[in-house]
Amino acid sequence: MKYIAAALAFATAVAGHGYVNNATIGNKAYTFYQPYQDPYTSPAPQRISREIQGNGPVQDVTSADLQCGGYTDGGIVGSKPAALHAEVAAGSEVDLFWTLWPDSHVGPTVTYMAKCPDSGCNNYMPNNSAVWFKVQQTGRTGTSNTWGATPLMKAGGVVTYTVPKCIPSGNYLVRHEIIALHAAYSYPGAQFYPGCHQLKVTGGGSKTPTGLVAFPGAYKGSDAGITYDAYKAQTIGTFAAHTLADVPARPALKLLFHRQSLRDEYEQRGSRVTLETREGEVLEHSGYDFEAVLPYDNSTESTAQATPSPSKDTIDHLIVCVKSTQTVTALRPLLPRLTRESSVLFLQNGAGMIEDVNESLWPHPGTRPNFITGVISHGVTLKGPFDIKHTGPAATSLGPVPRGDGLDQTIAPSTAFLLDTLPRSPRLNGQSYAFLDMLQRQLEKLAVNAFSNPLTALANSTVEYLFSIPSVCSALMREISSVVLALPELQGVAGVEQRFSAQRLEDTVMQVIVQNRSTTCSMVWDMRAARETEIRYINGYWARRGREVGIATPINDEIVERVQAMTRERQKQRANMIH
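Structural data, given as structure tokens:
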């Protein structure tokens, strides 16, 4: 559909990365190599910094390009020496000013130095020799999402390193880099942005550095700092865990981690869950029991890493907060512990997950647990692992799902317990509803998500961006309204035509995004990390239901196609290790 294509065309641009633009060394300002100007300037400017490929990354830790940001395929190997040196006294600070760094590319800054021959660095190539010693590294601050690269995400950001006072005077090659970890949950994924500049150090000491490393050679793809999931904690799960701890005389709570690394991260931060309120108050909860429950298949982590004796006890009440795409995989290892008397609450984005688990895990209705659908309207943003900010207080809706053909409306004791207990959490602000009322609330939330999640993901933006595309919202809500009004399960239900009119849906969407304008949607984080998104369970759900009732959904179809295409491109970039 040309209309939506034009409306979305400008939303798919990807922000650039960066490089060191200039520096202050020995109280003197130096402009570094300019990759988009110097190659086209005659005569070429003489610099203290070596040539780099541009503002893109190196992802192969075995490549010679890892040394100084060269581009072997383009003829820049290593890269070649610069013409000049910057003179600096030992013990002095050097300020490196980067181009504006994208806020999604979290990671450390690291600086190494290598001694050059007495004749200078302008004829020196370290090649594969172990000559480098580390002089600076700034990683993550505690368990927050503040990293060494964070100050560079604002204009004027600087990285400072100190030339060691103890090293001998002479010529040195300095290798400085950012390691971006936003897509580093598997290798290749980490993005290296190295560059080298040349110093002449005066007034030095007599100590010879030890612990020398080579580039390439210093890093391995399996290193903990190279393969690292910077966004591994889920916002909904963290929010649920925190708010359930507020229940008066709370029942015992156990956190089930579907990856061993999640459990490790939880323990590393003191087994605490932290929430910052909209007013800035920071609240911590602890005292949870926990275990790692690894999937039977498709796991990248050894099952030997699981708890030595994983629990076999029956689970009476389970709240599922994983990504909708991970639902079946996360539930499969729990099958022996879930019975017909158990109750499972699906507190997730999207719709269609229950149909998936019925088909894959419980094809016979008589063996299924009792299911509850949950809809969270709160705005929550991830600050770090198990650390969230409550950006938009709202409500949580809960409703039991009828068994089988829907004739059995009996509420099981385990279901009644959850429906009674969860609303007692003040911050969760839960309320239980009958099935058809709950279905309508779920569809309203799904209409909001169909606009907010994919459009912010395509634009790599917060919810604030959505105020700039009201025409897309109007067109999308008209399409969703047509689908809802044709659904057989809602025929004859009083008030549906008014509740799901296009204008009413649009008003609902705008009300929600006003309350959550500073929120970064989960699909944005997934897209940044080249992970599979939940698009099949959001806009894909509307497209599937439209086909079932004979309503065309060209806008939802195109949004699904665009999100999936961008995801494939991001994953292709990772796989091909584009430089």
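Residue numbers (mature numbering (1 follows the signal peptide of the UniProt record, and there is no 0)): -16 to -1, 1 to 563.
Built from N, CA and C at the ideal position, the CB exists for glycine as well.
Check	Outcome
If the criterion is Cβ atoms closer than 8 Å, does the pair TYR250 and PHE223 meet it?	no
Looking only at DSSP bridge pairs, what is GLN182 linked to?	LEU157
Helix, strand or coil: how does DSSP classify THR440 here?	helix
Put ALA13 into one of helix, strand or coil per three-state DSSP.	strand
Just curious, the alpha helix (DSSP H) that THR492 is in, first and last residue?	486 to 499
For TYR177, which residues does DSSP report across the bridge?	ILE162
Using the rule of at least 16 other Cβ atoms within 10 Å of the residue's Cβ for burial, across every protein chain shown, is residue 564 buried or exposed?	A question about residue 564 goes unanswered here, because the residues of the chain that appear run from -16 up to 563.
Can you check whether the CB of GLY334 is closer than 8 Å to the CB of GLU518?	yes
For PRO384, does the three-state DSSP call read helix, strand or coil?	strand
Measure the alpha-carbon distance for SER26 versus GLN332 and round it to whole angstroms.	58 Å
Within a Cβ cutoff of 8 Å, which residues of the same chain sit near CYS100, ignoring the five residues on either side of it in sequence?	TYR108, GLY154, ASN155, TYR156, LEU157, GLN182
Give the single residue among VAL477, TYR449, LYS118 whose Cα lies nearest to the Cα of ALA418.	VAL477
Could you pull out every residue in the same chain whose Cβ sits closer than 6 Å to the Cβ of ASN354, ignoring the five residues on either side in sequence?	SER327, ALA396, THR399
Identify every residue that forms a DSSP beta bridge with VAL359.	SER381
Using CA atoms only, rank isn't needed, just tell me which of VAL467, THR194, VAL496, SER245 is closest to ARG528.	VAL467
DSSP puts ASP273 in a beta bridge; with which residues?	LYS238
Give the straight-line distance between the Cα atoms of PHE484 and SER458, rounded to the nearest whole angstrom.	13 Å
Under the rule that 16 or more other beta-carbon atoms within 10 Å means buried, what is HIS166, buried or exposed?	buried
State the Cα-Cα distance for the pair LEU450 and SER113, rounded to the nearest angstrom.	52 Å
For GLU553, which residues from the same chain have a beta carbon less than 6 Å from its beta carbon, with the 5 sequence-adjacent residues on both sides left out?	none
Does the beta-carbon of TYR24 have 16 or more other beta-carbons within 10 angstroms, so that it is buried, or is it exposed?	exposed
Rounded to whole angstroms, what is the Cα-Cα separation between LEU322 and LEU329?	13 Å
Excluding the 5 residues preceding and the 5 following ARG425 in the sequence, name in chain order all residues of the same chain whose CB lies nearer than 7 Å to its CB.	VAL359, SER381, TYR417
Return helix, strand or coil for GLN18, following the three-state DSSP convention.	coil
Quick one: what does DSSP say PHE401 is sitting in, helix, strand or coil?	helix
If you reduce the DSSP assignment to three classes, tell me which class ALA229 lands in.	coil
For the alpha helix (DSSP H) containing THR313, list its first residue and its last residue.	311 to 315
Using only CA atoms, which one of PRO148, PRO349, THR405 lies nearest to ILE303?	THR405
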